[in-house]
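Asker: The opening position of the sequence shown corresponds to residue 756 in this note's numbering, with each subsequent residue numbered one higher.
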Amino acid sequence: MTCRKFCVRRSRLLSIFGSILILVILIVIVSMSVQLGDNTQTTTKGTTTNLKTVVIERCRDYIRTFPQMSSNNCDAIWEAFQNSFLGKDPCNVKVEDYDLFITTVQQDIPCNKSLFWSKTSQIAHDFAKATKCLMTLEDTLLGYMMDGLKWCGKQHSKELNYTSCPGWVECELNPVRSFWRRASAHFAELACGNVMVMLNGSIDTPFNKQSIFGSVEIKRFDSEKINYISIRVIDSLQDRVSCNSMSLEDLGKILKNASLNFDCKDIDKSEVERCINDPIPHSCDCVNWK
């Protein structure tokens, strides 16, 4: 009996010890995984596979869809694009390095058609696509070609880097970030007539001065070309941040100082979604478009 009790107790102790050991091993593995994840978040994958083919095919596809854009030469556009960043330190590609590329792409944006967004990417693009009454930067030839792509080169080399490119926040002057800042500035400079801005009212700061809209686009608005700016704060009724919030008051002050006329309205997300799912052709009435 004594031996049996001892053996049972020993078996239980070994079982408990084994469970503790397994738990410790799991904790170590998870900890190492987290640390590895933190380290690998500083870079993204390299250049998009077959980047040249993708860009040129997108360019040609856009021109087929919009024949009025046929004056653009897709091969020349590619050359201007790659010359903007190839041979340069991927963390030192300046915004102005894309100047020639931007001017190589010929496209006028009709007045009363410009839609700007911040933290509302999906709904803004769905809205523009469904109603066809407005267009975002990504609906232009420049934006359509580059949307969702990654690219970078190597210093003193004319080859694309397919191994590793800096992430958006890893260094300020990375090729992708500099491009979108330059393209956004160009898009804002072309805005005329009535303009719409879609902001996210479900976050604490719908207007962020550090965003591309807040730091680039709004500074390029021309009061002599823009008649009116309709700011639409998109959210749900449960977590609404109204046009009276501090960040939007800051936006209002900036626009007033720039002599830009505007209004701000809260629009429930469901209203925009209803318009997307059942659009009125060529109409933005569902978001009180001025």
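The beta carbon of each residue, even a glycine, is placed where N, CA and C say it ideally should be.
Going by the DSSP bridge assignment, what does C1019 pair with across the sheet?
Answerer: Translated into positions along the sequence shown, residue 1019 becomes position 264. Paired residues: I986.
Asker: So is L855 buried or exposed if we call it buried at 16+ other beta carbons inside 10 Å?
Answerer: Position 100 of the sequence shown, counted from the start, is the residue given in the question as residue 855. Within a 10 Å sphere around the beta-carbon of L855 sit fewer than 16 other beta-carbons, which makes this residue exposed.
Asker: Identify, in the order they occur along the chain, each residue of the same chain with its Cβ nearer than 7 Å to the Cβ of I1009, setting aside the five sequence neighbours on each side.
Answerer: One-based indexing of the sequence shown puts residue 1009 at position 254. Answer for I1009: I973, listed in chain order.
Asker: Output the residue ranges of the alpha helix (DSSP H) runs that lie fully inside the region 930 to 1015 and measure 4 residues or longer, sorted by chain position.
Answerer: 930 to 945 and 1001 to 1012
Asker: When the Cα atoms are used, what is the spatial distance from F1017 to C888?
Answerer: Against the sequence shown, residue 1017 aligns to sequence position 262. Against the sequence shown, residue 888 aligns to sequence position 133. Taking C-alpha positions only, F1017 is separated from C888 by approximately 19 Å.
Asker: Out of A879, E893, C920 and N847, which has the shortest C-alpha to C-alpha gap to Y817?
Answerer: On the sequence shown, residue 817 is found 62 positions in, with the first residue counted as 1. Ranking A879, E893, C920 and N847 by CA distance to the CA of Y817 puts E893 first.
Asker: Using a Cβ-Cβ cutoff of less than 6 Å, which residues in the same chain neighbour A885 once the five nearest sequence positions on both sides are dropped?
Answerer: For this step, residue 885 is matched to residue 130 along the sequence shown. Once the five neighbours on either side are set aside, the close Cβ partners of A885 are I1031 and P1034.
Asker: For S912, collect the residues of the same chain with a Cβ closer than 7 Å to its Cβ; drop the 5 residues on either side in sequence, then sort them by chain order.
Answerer: Walking along the sequence shown from the start, residue 912 turns up at place 157. Result list for S912: G842, in chain order.
Asker: Taking S869 and V971 to be in contact with their CB atoms under 8 Å, please state how far apart those CB atoms are, rounded to whole angstroms.
Answerer: Position 114 of the sequence shown, counting from 1, holds the residue named residue 869. Position 216 of the sequence shown, counting from 1, holds the residue named residue 971. About 14 Å separates the two Cβ atoms, so there is no contact after all.
Asker: Enumerate in chain order the residues of its own chain whose CB-to-CB distance from I967 is below 7 Å, with the five nearest sequence positions on each side excluded.
Answerer: Residue 967 sits at position 212 when you count from the first residue of the sequence shown. So the qualifying residues of the chain are W935, R936 and S939.
Asker: Apart from the five residues on each side of it in sequence, which residues of its chain come closer than 8 Å, Cβ to Cβ, to S825?
Answerer: On the sequence shown, position 70 is the one that residue 825 refers to. Excluding sequence neighbours, S825 sits near I818.
Asker: Please list, in chain order, all residues of the same chain as V809 whose beta carbon is under 8 Å from its beta carbon, the five residues on each side excluded.
Answerer: Here residue 809 corresponds to residue number 54 of the sequence shown, with the count starting at 1. In chain order, T803 and L904 place their CB closer than 8 Å to the CB of V809, counting only its own chain and leaving out the 5 sequence neighbours on each side.
Asker: When you compare each of S978, M1001 and V860 to K964 by their alpha carbons, which one comes out closest?
Answerer: As a working mapping, residue 964 is identified with position 209 in the sequence shown. For K964, the nearest C-alpha among the options comes from M1001.
Asker: Can you tell me where the alpha helix (DSSP H) with N1030 in it begins and where it stops?
Answerer: Taking the sequence shown and counting its residues from 1, one reaches residue 1030 at position 275. In the sequence as displayed, the identity of residue 1030 is Cys instead of Asn. Going by DSSP, C1030 is part of the alpha helix (DSSP H) stretching over K1024 to N1032.
Asker: Under the three-state reduction of DSSP, which class applies to L841: helix, strand or coil?
Answerer: Walking along the sequence shown from the start, residue 841 turns up at place 86. L841: coil per DSSP, three-state reduction.
Asker: If I measure Cβ to Cβ from K980 and keep anything under 6 Å in the same chain, skipping five residues before and after, which residues do I get?
Answerer: For the purposes of this step, residue 980 is taken as residue 225 along the sequence shown, with counting starting at 1. Excluding sequence neighbours, K980 sits near C947.
Asker: Suppose contacts are defined by Cβ-Cβ distances below 8 Å. Is R987 in contact with K1020 by that definition?
Answerer: Position 232 of the sequence shown, counting from 1, holds the residue named residue 987. Position 265 of the sequence shown, counting from 1, holds the residue named residue 1020. It is a contact, given that the beta carbons lie within the stated cut-off.
Asker: Buried or exposed: T858, going by 16 or more other Cβ atoms within 10 Å of its Cβ?
Answerer: In the sequence shown, residue 858 corresponds to position 103, counting from 1. The residue is exposed, with fewer than 16 neighbouring Cβ atoms inside 10 Å.
Asker: Which same chain residues end up closer than 6 Å to M953 when comparing Cβ atoms and leaving out the 5 residues on each side of it in sequence?
Answerer: Here residue 953 corresponds to residue number 198 of the sequence shown, with the count starting at 1. The answer, listed in chain order, is W872, T875, A879, R987 and I989.
Asker: Could you tell me how far apart the beta carbons of P930 and F821 are, in whole angstroms, since I believe they sit closer than 8 Å?
Answerer: As a first step, residue 930 is located in the sequence shown; it is residue number 175 there, counting from the start. As a first step, residue 821 is located in the sequence shown; it is residue number 66 there, counting from the start. Not a contact, Cβ separation roughly 27 Å.
Asker: What is the residue span of the beta strand (DSSP E) that C920 lies within?
Answerer: What you label residue 920 is simply residue 165 of the sequence shown in a count that begins at 1. Boundaries of the beta strand (DSSP E) around C920: S919 to P921.
Asker: Using a C-beta cutoff of 8 Å, does T859 count as contacting chain C?
Answerer: Here chain C cannot be found, since the structure has a single protein chain.
Asker: Put Q910 into one of helix, strand or coil per three-state DSSP.
Answerer: Your numbering for residue 910 matches position 155 in the sequence shown. Reduced to three states, the DSSP call for Q910 is strand.
Asker: Count the other CB atoms, across all protein chains shown, that sit within 10 Å of the CB of V924; report buried if there are 16 or more and exposed otherwise.
Answerer: On the sequence shown, residue 924 is found 169 positions in, with the first residue counted as 1. V924 should be labelled exposed.
Asker: Throw me the rounded Cβ distance for the A739 and S978 pair, which I believe falls under 8 Å.
Answerer: The structure shown has nothing for residue 739, since the chain only spans 756 to 1045.
Asker: Would you call V779 buried or exposed, if buried means 16 or more other Cβ atoms sit within 10 Å of its Cβ?
Answerer: Within the sequence shown, residue 779 is the residue found at index 24, counting from 1. Residue placement at V779 is poorly supported in this model, since its pLDDT is 47, which falls under 50; the coordinates are not used for a value here.
Asker: Take the Cβ of R932 as the centre, count every other Cβ of all protein chains shown within 10 Å, and call the residue buried at 16 or more, exposed below.
Answerer: Position 177 of the sequence shown holds residue 932. Looking at its Cβ environment, which holds 16 or more other Cβ atoms inside 10 Å, R932 is buried.
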